[in-house]
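J.: Okay, here's the structure, questions in a sec.
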Amino acid sequence: MTTPRPTHAPAAPAEPTRPHTTTEPTATTGPTDWPLWEVFVRSRRGLSHTHAGSLHAPDAQMALRNARDLYTRRSEGVSLWVVPSTQITASSPDEKDTFFEPAGDKPYRHPTFYEIPEGVHHL
Amino acid sequence: MTPHPTTPALPLGDDALILSHRLGEWAGNAPVLEEEVALANIALDLLGQARILLSLAGDEDELAYLREERHFRNVQLVEQPNGDFAHTIARQLYFSTYQELLYDHLATTDTPLTPLAGKAVKETAYHRDHATQWTLRLGDGTDESHTRMQRALDALWRFTGELFDPVDGLDDVPWQTLRDEWTTRITSALERATLTVPAGPRHGAWTAGGGRQGLHTEPFGRLLAEMQHLHRSHPGATW
Amino acid sequence: MTTIAPEDTGQEALFDATIAADERIEPRDWMPDDYRASLVRQIAQHAHSEIIGMQPEANWITRAPSLRRKAILMAKVQDEAGHGLYLYSAAETLGTGRDELLDKLHTGRQKYSSIFNYPTLTWADVGAIGWLVDGAAITNQVPLCRCSYGPYARAMVRICKEESFHQRQGYELLLTLSRGTETQHAMAQDAIDRWWWPSLMMFGPPDDESAHSAQSMAWKIKRHSNDELRQRFVDICVPQAETLGLTLPDPDLRWNEERGHWDFGPIDWTEFREVLKGNGPCNDERIGRRRRAHQEGAWVREAAAAHAAKHPAHPPHAGTDQEEAAR
Chain E
149 MTTPRPTHAP AAPAEPTRPH TTTEPTATTG PTDWPLWEVF VRSRRGLSHT
199 HAGSLHAPDA QMALRNARDL YTRRSEGVSL WVVPSTQITA SSPDEKDTFF
249 EPAGDKPYRH PTFYEIPEGV HHL
Chain F
2 MTPHPTTPAL PLGDDALILS HRLGEWAGNA PVLEEEVALA NIALDLLGQA
52 RILLSLAGDE DELAYLREER HFRNVQLVEQ PNGDFAHTIA RQLYFSTYQE
102 LLYDHLATTD TPLTPLAGKA VKETAYHRDH ATQWTLRLGD GTDESHTRMQ
152 RALDALWRFT GELFDPVDGL DDVPWQTLRD EWTTRITSAL ERATLTVPAG
202 PRHGAWTAGG GRQGLHTEPF GRLLAEMQHL HRSHPGATW
Chain B
192 MTTIAPEDTG QEALFDATIA ADERIEPRDW MPDDYRASLV RQIAQHAHSE
242 IIGMQPEANW ITRAPSLRRK AILMAKVQDE AGHGLYLYSA AETLGTGRDE
292 LLDKLHTGRQ KYSSIFNYPT LTWADVGAIG WLVDGAAITN QVPLCRCSYG
342 PYARAMVRIC KEESFHQRQG YELLLTLSRG TETQHAMAQD AIDRWWWPSL
392 MMFGPPDDES AHSAQSMAWK IKRHSNDELR QRFVDICVPQ AETLGLTLPD
442 PDLRWNEERG HWDFGPIDWT EFREVLKGNG PCNDERIGRR RRAHQEGAWV
492 REAAAAHAAK HPAHPPHAGT DQEEAAR
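Residue numbers (my numbering), protein chains in the order written: chain E, 149 to 271; chain F, 2 to 240; chain B, 192 to 518.
Given below as structure tokens:
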């Protein structure tokens with residue numbers, strides 16, 4: 149994990165921008181605002197961590213504590229992740245078709261694709 | 002009304018009540034929004050502890066709102082004004098380190114306070130962690146924050162001796178051991194934060210036992226005036 | 192900001208189709224500049240309202256008349272800070288940093304809800320804010336849970352869930368006062384008399400004078416008009432006031448069989464505009480205090496940033512969770 153440079157690094161929008169070019173404006177922080185962190189909460193054992201939102205913190209330790217105070221004060225969680233927003237690489241909406249459409253025409257990946265005679269169980 | 006001087010729930014409840022009140026004064030004034038939420042969490046934990054403890058000693062509202070200043074048994078440390086954020090953190094560090102040690106001990110013994118202590122010690126450990134984290138960042142942050150933090154630690158140091166004055170009804174607590182352990186922990190926290198353990202006396206010469214005997218500092222009267230005014234203006238009313 | 196011309200890419204058509212299909216726009220989608228600007232303005236104003244809105248209630252934390260009420264009030268004011276944070280976080284997904292938004296608040300370039308420029312004079316005001324101000328806010332906010340912009344809608348879902356206790360505690364507080372001593376009852380009535388009309392103004396100017404309404408409705412940022420929501424609120428409040436044993440300060444309030452709604456008297460929009468312009472009872476105090484807290488906190492924020500720069504990457508407890516994340 150790279151260390152966020154609180155005083156100089158530009159903060160990424162909470163939903164990350166693409167590493168190369170972007171059509172979005174990038175936010176700039178003022179001289180004292182802390183970097184942005186994305187917070188993921190596991191609401192109970194057996195479930196995955198889910199994105200809950202973001203917050204500002206000077207470093208990872210404080211980000212964890214702020215996340216605890218902000219996102220779990222009604223017992224919403226049993227475990228937390230915090231990730232510097234700048235460290236997330238996201239797929240781009242422009243790539244939506246090339247990324248996700250090819251998966252659309254492969255129905256044989258799903259069990260409902262197959263016909264099974266009535267009376268066959270445990271399959 | 003009759004105070005309950007022999008119930009240890011009263012002095013410990015007063016500590017929690019008054020510190021919670023002071024932290025409540027931060028609402029809307031915190032240095033950053035995330036800290037609004039953090040300080041309120043601590044204040045709410047303490048208020049919860051206060052309500053349980055005062056209810057062990059009598060009626061929580063009667064005790065909070067209808068006692069005179071001389072009947073409050075809290076240590077003087079918790080009534081000290083918030084000052085700047087460094088003062089609040091120094092007060093939190095001194096007090097939560099003490100409270101964690103005390104509750105840790107009470108949680109393992111068999112007293113009427115044991116159930117409360119068992120639950121509260123987890124809250125208190127978090128409060129201590131919060132104070133320690135901030136002490137580290139203020140002490141080892143900028144020159145200004147270092148100066149402010151050291152000044153706050155020095156200013157509140159004289160109120161820390163009283164923390165280990167025996168409390169009536171808690172006769173089995175090894176106060177001297179707690180005090181030594183407290184000093185060890187505070188020293189380690191301050192050293193990590195590049196701060197100096199204050200050298201001054203830990204008891205004001207004039208305090209004569211201080212808060213636990215109902216002797217308080219001047220800001221406390223104003224705190225009570227504000228806290229009790231509305232309740233006292235409507236005798237017998239329900240809220 | 193470079194925006195690819197929509198006609199070149201068909202992105203505008205995609206945006207329009209997404210809105211038409213009642214699906215959500217997400218942060219990295221192409222969106223019209225005005226849509227983005229509208230959202231930033233609305234979400235920021237909403238976030239600012241939560242933060243400024245802490246002040247009138249925090250005014251009573253240290254004087255709350257019972258420990259139970261004190262705990263409730265502290266938790267509520269804390270929630271408002273939390274809601275402000277959720278909303279700033281939603282606004283930041285649009286590319287505007289929180290520092291910039293706070294700066295705009297502090298310099299008066301962005302607004303917050305005018306209701307918070309009224310003073311809390313008695314304890315009953317805490318109840319009136321819970322019942323009427325939060326009630327009006329909830330009426331406004333529930334439809335926002337279906338707002339076309341994903342992060343805003345998600346923040347609103349969380350906020351609405353948490354706010355349900357805010358309104359109830361206010362109502363319960365007023366009910367206790369109304370059924371209490373004569374002085375307490377009078378205190379509650381006085382608070383309602385002062386907060387009723389400003390609460391109705393919270394829905395904004397009438398539809399025919401509302402500058403942004405039509406476009407916001409078309410974009411599904413807004414789902415109902417100001418007047419619709421205001422009427423809905425009045426209809427909800429009238430029977431609730433009756434149960435409280437308190438009266439709403441409007442001699443024209445009467446049931447209209449034909450409309451199936453309560454008719455209510457004219458709103459003094461001059462007052463609304465004056466408060467909006469900065470001439471309300473507490474405008475200077477509210478902004479002044481916010482600015483002071485921010486300035487006085489600067490050395491703290493700088494200290495933590497400096498500490499982080501001095502001590503790069505002491506990774507948190509590396510272990511099972513990180514391993515799991517890597518899998």
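Idealized CB from N, CA, C, for every residue including glycine.
Are the CB atoms of B:GLN301 and B:ALA228 within a distance shorter than 7 Å?
T.: Contact flag unset, no.
J.: What's the C-alpha gap between B:MET222 and B:ALA208?
T.: When rounded, the distance between both Cα atoms is 12 Å.
J.: At 3 residues or longer, what runs of the beta strand (DSSP E) sit wholly inside the region 186-249 of chain E?
T.: Counting only runs of 3 or more, we get 197-204 and 227-232.
J.: Go through its chain and collect everything with a Cβ distance to E:ARG193's Cβ below 7 Å, but skip five positions before and after it.
T.: Here the set comprises VAL226.
J.: Could you say which of E:ALA205, E:THR260 and E:HIS270 lies nearest to E:VAL231 if we only look at CA atoms?
T.: Closest by alpha carbon: E:ALA205.
J.: Rounded to the nearest angstrom, what separates F:ALA226 and B:THR284 at their Cα positions?
T.: Their backbone Cα atoms lie some 46 Å apart in a straight line.
J.: Looking at the unbroken alpha helix (DSSP H) that takes in B:HIS274, where does it start and where does it end?
T.: B:HIS274 -> alpha helix (DSSP H) spans 258-283.
J.: How big is the Cα-Cα spacing for E:SER202 and B:HIS237?
T.: Cα to Cα, E:SER202 sits roughly 17 Å from B:HIS237.
J.: Who are the neighbours of E:ASP235 on chain F, taking C-beta pairs under 8 Å?
T.: What sits at residue 235 of chain E in the sequence shown is Gln, not Asp. Within 8 Å Cβ-Cβ: nothing; E:GLN235 doesn't reach chain F, min ~20 Å.
J.: Fully enclosed by the region 385-436 of chain B, which alpha helix (DSSP H) runs are 4 residues long or longer?
T.: You should have 404-409 and 417-435.
J.: Is it the case that the Cβ atoms of F:LEU1 and F:ALA10 are separated by a distance below 7 Å?
T.: Look at the range of chain F in this structure, 2 to 240, and you will see that residue 1 of chain F is not part of it.
J.: Starting from F:LEU231, find everything on chain B with Cβ-Cβ shorter than 7 Å and list it in chain order.
T.: Correct list: ARG254, PRO256 and TRP314.
J.: Report yes if the CB atom of E:TRP229 is closer than 7 Å to the CB atom of E:HIS199, and no otherwise.
T.: No; because the gap between Cβ atoms is not below 7 Å, this pair is not in contact.
J.: To the nearest angstrom, report how far apart E:THR246 and F:ALA91 are at their CA atoms.
T.: Computed Cα separation, rounded: 57 Å.
J.: State yes or no: is the C-beta of B:TYR309 within less than 7 Å of the C-beta of B:PRO472?
T.: For B:TYR309 and B:PRO472, yes; Cβs fall inside 7 Å.
J.: Count the other C-beta atoms from every protein chain shown that fall within 10 angstroms of the C-beta of E:ARG222, then say buried if there are 16 or more, exposed otherwise.
T.: Answer is exposed; the Cβ neighbour count stays below 16.
J.: B:ASN474 bridges to which residues according to DSSP?
T.: Paired residues: none, contrary to the question.
J.: What are the boundary residues of the alpha helix (DSSP H) that includes F:ASP130?
T.: Looking at the DSSP string, the run of the alpha helix (DSSP H) that includes F:ASP130 is 115-140.
J.: At what residues does the beta strand (DSSP E) containing B:TRP453 begin and finish?
T.: Run containing B:TRP453: 452-454, per the beta strand (DSSP E) assignment.
J.: Where does B:ILE216 sit, in a helix, a strand or coil, going by DSSP?
T.: Looking at B:ILE216 - three-state DSSP - the assignment turns out to be strand.
J.: Which of the three DSSP states is assigned to F:ASN30 in this structure?
T.: Note: F:ASN30 maps to coil in three-state DSSP.
J.: Count the other CB atoms within 10 Å of the CB of E:PHE248; is the residue buried (16 or more) or exposed (fewer)?
T.: Exposed, because fewer than 16 other Cβ atoms sit within 10 Å of the Cβ of E:PHE248.
J.: Would you give the residue range spanned by the beta strand (DSSP E) that B:TRP446 belongs to?
T.: Where B:TRP446 is concerned, the enclosing beta strand (DSSP E) stretches over 445-447.
J.: Run through DSSP, which three-state label would B:ASP381 get?
T.: B:ASP381: helix per DSSP, three-state reduction.
J.: Could you pull the DSSP bridge partners for B:TYR340 from this structure?
T.: DSSP, once it has assigned bridges, lists B:ILE216 as partnering B:TYR340.
J.: I'd like to know whether the C-beta of F:VAL198 is nearer than 7 Å to at least one C-beta of chain B.
T.: It does not; no Cβ of chain B falls within 7 Å.
J.: Hey, does F:ALA226 have any beta-carbon neighbour from chain B nearer than 7 Å?
T.: F:ALA226 does not count as touching chain B.
J.: Is the region 367-384 of chain B touching the region 394-414 of chain B, taking contact as three or more C-beta pairs under 8 Å?
T.: The region 367-384 of chain B vs the region 394-414 of chain B: no contact.
J.: If you draw a straight line from the C-alpha of E:GLU295 to the C-alpha of F:LEU137, how long is it?
T.: No answer is possible for residue 295 of chain E: it lies beyond the span of chain E, which begins at 149 and ends at 271.
J.: Consult DSSP for E:LEU184 and reduce its assignment to one of helix, strand or coil.
T.: Note: E:LEU184 maps to strand in three-state DSSP.
J.: At a CB distance below 7 Å, what residues from the region 33-47 of chain F approach chain E? Give them in sequence order.
T.: Residues GLU35, VAL38, ALA39 and ASN42.
J.: Can you name, in chain order, every residue of its own chain whose Cβ lies under 6 Å from the Cβ of B:LEU296, other than the five neighbours on each side?
T.: Answer for B:LEU296: HIS239, listed in chain order.
J.: Take the Cβ of B:GLY456 as the centre, count every other Cβ of all protein chains shown within 10 Å, and call the residue buried at 16 or more, exposed below.
T.: Exposed, because fewer than 16 other Cβ atoms sit within 10 Å of the Cβ of B:GLY456.
J.: Using the rule of at least 16 other Cβ atoms within 10 Å of the residue's Cβ for burial, across every protein chain shown, is E:THR169 buried or exposed?
T.: Any reading at E:THR169 needs caution, since the residue's pLDDT is 35, under 50, leaving its predicted position unreliable; the model's value is listed next. The residue is exposed, with fewer than 16 neighbouring Cβ atoms inside 10 Å.
J.: How many Å lie between B:LYS501 and F:THR188 at the Cα?
T.: Rounded to the nearest angstrom, the two C-alpha atoms are 22 Å apart.
J.: Checking 7 Å against the spacing of the C-beta atoms, do B:PRO334 and B:HIS274 come in under that value?
T.: Cβ atoms of B:PRO334 and B:HIS274: not closer than 7 Å.
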